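With this note's numbering as the guide, the letters of the sequence shown map in order to residues 117 to 732. Where a beta carbon is used, it is the ideal one built from N, C-alpha and C, also for glycine. Since this is a predicted model, take the numbers as computed values, not measurements. Contents: one structure, followed by commentary.
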Amino acid sequence: MQKWDLNLKKHISYPFILIMLVLFIKITAFQMVIFDNKSIFHIVLIEFPMWALMVTGLLLIFKKRKWLSIWLFNLCLSALFIVIMYYTRYFSTVPSYYDVKQIYQSNSVGGTVALLGSPYDFLFFLDVVLILPLIWYFTKMSDPLSFQSAKKWAIAFSCAGLVTTVIAFFYPLVDVSYFAKKHGYIQSQFVQLYERGIGTALAKNDHLSDKELEKLKGNVFLPPSEHETFGLAKDRHVFTIQVESLQEFVINKSIKGQEITPNLNKLLKDSAYFDHVYQQIGAGNTSDAEWIMHTSLYPEGMDPTVNVIDGSDIPSLVRTLERNGYGTSTYHADDITYWSRDKLYPALGFDYVYTSEDIPNKNEIGFGPADEVLFSYVEKQLPGQMENHPRMYSNIITLTSHTPFEMPDEYEYLNLPDSYKDTYVGNYLQSVRYTDEQIGKFIQSLKELGIYDQSLILIYGDHSGLHGAPVTEKDEQLLKEMLGHDYNLHDRFVVPVIFNAPGIFNGETHSQLGGQIDLMPTLLNLLGIEHDSQMIGHNLFQYKKNLLGMRYYMPGGSFISNNTLYTAPSAKLPALLYNRETMKKTKNTKNMQKYIDNTLQIMQYSDFIRKEQEKK
Numbered sequence: 117m118q119k120w121d122l123n124l125k126k127h128i129s130y131p132f133i134l135i136m137l138v139l140f141i142k143i144t145a146f147q148m149v150i151f152d153n154k155s156i157f158h159i160v161l162i163e164f165p166m167w168a169l170m171v172t173g174l175l176l177i178f179k180k181r182k183w184l185s186i187w188l189f190n191l192c193l194s195a196l197f198i199v200i201m202y203y204t205r206y207f208s209t210v211p212s213y214y215d216v217k218q219i220y221q222s223n224s225v226g227g228t229v230a231l232l233g234s235p236y237d238f239l240f241f242l243d244v245v246l247i248l249p250l251i252w253y254f255t256k257m258s259d260p261l262s263f264q265s266a267k268k269w270a271i272a273f274s275c276a277g278l279v280t281t282v283i284a285f286f287y288p289l290v291d292v293s294y295f296a297k298k299h300g301y302i303q304s305q306f307v308q309l310y311e312r313g314i315g316t317a318l319a320k321n322d323h324l325s326d327k328e329l330e331k332l333k334g335n336v337f338l339p340p341s342e343h344e345t346f347g348l349a350k351d352r353h354v355f356t357i358q359v360e361s362l363q364e365f366v367i368n369k370s371i372k373g374q375e376i377t378p379n380l381n382k383l384l385k386d387s388a389y390f391d392h393v394y395q396q397i398g399a400g401n402t403s404d405a406e407w408i409m410h411t412s413l414y415p416e417g418m419d420p421t422v423n424v425i426d427g428s429d430i431p432s433l434v435r436t437l438e439r440n441g442y443g444t445s446t447y448h449a450d451d452i453t454y455w456s457r458d459k460l461y462p463a464l465g466f467d468y469v470y471t472s473e474d475i476p477n478k479n480e481i482g483f484g485p486a487d488e489v490l491f492s493y494v495e496k497q498l499p500g501q502m503e504n505h506p507r508m509y510s511n512i513i514t515l516t517s518h519t520p521f522e523m524p525d526e527y528e529y530l531n532l533p534d535s536y537k538d539t540y541v542g543n544y545l546q547s548v549r550y551t552d553e554q555i556g557k558f559i560q561s562l563k564e565l566g567i568y569d570q571s572l573i574l575i576y577g578d579h580s581g582l583h584g585a586p587v588t589e590k591d592e593q594l595l596k597e598m599l600g601h602d603y604n605l606h607d608r609f610v611v612p613v614i615f616n617a618p619g620i621f622n623g624e625t626h627s628q629l630g631g632q633i634d635l636m637p638t639l640l641n642l643l644g645i646e647h648d649s650q651m652i653g654h655n656l657f658q659y660k661k662n663l664l665g666m667r668y669y670m671p672g673g674s675f676i677s678n679n680t681l682y683t684a685p686s687a688k689l690p691a692l693l694y695n696r697e698t699m700k701k702t703k704n705t706k707n708m709q710k711y712i713d714n715t716l717q718i719m720q721y722s723d724f725i726r727k728e729q730e731k732k
């Protein structure tokens, strides 16, 4: 039997102490920046052992070139911490191992990445370029630790890490960032792996009827065919225009006497406008908005939904319209593999898919052709499609108003005050104004084709554009001047929703609470079509009460109800409850736990529906 020598002096060395000290300082800095965590006790017991285990593991694996392996590990660790910091600054959530793996997708938001950095960030590389080389030099290149000593330290760190990881599994994973703060970043990754695999398979989900779903939201269910709006737009062509980064506050807003969205404002005269609809996307952003629009199911949240579906046919809006005589097409001028749309579009069932392989890459702005090229291409396809199909459904995804919103001078249609020049907000307004112009031209083309009066057009924003570290103090001041109040979560998360149907609507505005999950049920009700699979959302024209969840951009456990907006505890902030009308903090916690429980139940049931659909 091996005799354990517990004399610590024999199992430590001066270089090893210095290496661990450097690692501890780096991890402490990371914890303070990302989680605002200043508890040395927490760092020593929970966070540090897992990272230290990696170092001792390297000393065991590499009998030669130990110093090189440690140096490379620290280089990679510094790079990882920088990636996590940048990601958190923009998305306000701590990334999982999967998000970090997807960092190659940042080529589409490269201009924004440049806005997220700080010169102080590179202090994380100080040990790589200065401290570790100095330790190596002054210890005369001696091994930092013997093999036997490294083995004992590895066992010690493994035990500590195992205990904290096992403990973490006993807590529910509701919000990734908050969980990582409480139980350790690496531990949270193991729990997420479990949740995505075995935990998902074992999850218990009780079936909810349509009546039970509406009751959880505070409504009395009424069959869709009995709604007043059922079939108002029956047999019309359908166009959905998902506008990149379009937020509600720009609608009917002017600056220096100029309308920011003159064409959308004009379109409202023949529309029903919903001005209190919240984004509900997850990590997939724009692709998640497409998912919600076409399934009325919540997105995955921790991962882009397109990366967890297996490609099976999904009971979607597309397939329902096809069964009712529609030809279906989707237009997105980006690479089809971006966010795995090469899996999403076949799963949804589109007849025609047009991407960067088809749409000319002309007048490039940002990472794709300008929106005028996109809409022009759609216009050219319509006559041929209508020869083959009595009715068409066209899904159009715009690109130009994508962060960082930098527009060529010739496409800047607004004459902004000098205070807006070269600001993030100013650039955003210019990009939105440009896309608005192209939507106006497209509407005119539908009139010239003679199909505008025979169409139902849904225009909505996919998600906010102004959020995260790129929004500076100056930007916030400009927004305050424009809005008349401090820029808040309502301003950030509410997207405009326009149902345009000439001859049916006459400029009405609806201010009841809604979410993107309600778009598909509302659209189908107007068409007089019933979906053959359960939807989580409901007809916005029919129901006055709602209860919404949001993953990823709000901490897990958050909810939005008719009167309140609740953000659950996050990595840096405590739980906050707002009066939704005034967006002032409130202490009225009546029914709060009930809303939390109901929201989680609805979202978990949505996940259950998606997983059951994939099995069929």
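- Partner residues in the beta bridge of Gln374, as assigned by DSSP, are Ile371.
- Note on geometry: alpha-carbon atoms of Tyr668 and Thr680 lie some 19 Å from one another.
- Taking C-alpha positions only, Gly277 is separated from Trp269 by approximately 12 Å.
- Taking a 10 Å sphere around the C-beta of Ala284, we find 16 or more other C-beta atoms and assign the residue as buried.
- The criterion of a C-beta distance shorter than 8 Å is not satisfied by Thr411 and Ser428.
- Taking a C-beta distance under 8 Å as the contact criterion, Gln395 and Ile633 do not qualify as a contact pair.
- Residue pairing for Gln717: DSSP places it in no beta bridge.
- Per DSSP, Arg608 is not a residue of any beta strand (DSSP E); the alpha helix (DSSP H) it occupies stretches across Leu605 to Phe609.
- In terms of Cβ geometry, Gly672 and Ala684 form a close pair [threshold 8 Å].
- Between Met166 and Gln303 the beta-carbon gap is near 7 Å, inside 8 Å, which marks them as a contact.
- The Cβ atoms of Asp602 and Thr402 do not sit closer than 8 Å to each other.
- Closest in C-alpha terms to Asp322, from the list Ile725, Glu730 and Lys731, comes Ile725.
- Short of 7 Å from the beta carbon of Met418, and not among the five residues preceding or following it, lie these beta carbons of its own chain, in chain order: Ser212, Val292, Gln308 and Ala399.
- The alpha-carbon separation between Leu176 and Leu191 amounts to approximately 19 Å.
- Cβ-Cβ distances below 6 Å link Asn440 to Ile645 in the same chain, with the five nearest sequence neighbours on each side left out; the list follows chain order.
- Secondary structure in the region 406-482: the beta strand (DSSP E) runs of 3 residues or longer, each lying completely within the stretch, are 442-448 and 468-470 in chain order.
- The C-alpha of Tyr454 lies about 30 Å from the C-alpha of Phe238.
- With the rule of 3 Cβ pairs closer than 8 Å, the region 567-581 counts as touching the region 342-356.
- Secondary structure within the region 524-565: not one fully enclosed beta strand (DSSP E) run of 3 or more consecutive residues is present.
- Thr551 has its alpha-carbon roughly 8 Å from the corresponding atom of Thr514.
- Residue nearest to Val610 within the set Asn616, Leu595 and Gly631 is Gly631 (criterion: CA-CA distance).
- Contact between Tyr470 and Thr446 holds: CB atoms are separated by about 7 Å, below the 8 Å threshold.
- Assigned with DSSP and collapsed to three states, His601 falls in coil, not helix or strand.
- Residue environment: Ile251 is assigned as buried (16 or more neighbouring CB atoms within 10 Å of its CB, all protein chains considered).
- Residues of the same chain with a CB within less than 6 Å of the CB of Tyr493, apart from the 5 flanking positions on each side, are Ile475 in chain order.
- In terms of CA proximity to Asn335, Asn678 leads the group Lys706, Asn678 and Gly556.
- Phe675 carries a strand assignment under DSSP once its states are collapsed to helix, strand and coil.
- Asp569 counts as exposed, since fewer than 16 other C-beta atoms from the protein chains shown sit within 10 angstroms of its C-beta.
- Going by DSSP, Leu188 is part of the alpha helix (DSSP H) stretching over Lys182 to Phe207.
- Ranked by Cα distance from Pro378, the options Val434, Gly556 and His583 are led by Gly556.
- The Cβ atoms of His343 and Phe146 lie no closer than 8 Å to each other.
- One Cα belongs to Ala349, the other to Leu640, and the distance between them is close to 9 Å.
- If you ignore the 5 residues before and after Leu231, its C-beta comes within less than 6 Å of the C-beta of Pro586, all in its own chain and listed in chain order.
- Partner residues in the beta bridge of Thr680, as assigned by DSSP, are Asn695.
- Taking the Cα positions, Trp407 is about 43 Å away from Leu242.
- Between the beta-carbon of Val160 and that of Ile135 there is about 16 Å, and that puts the pair past the 8 Å contact cut.
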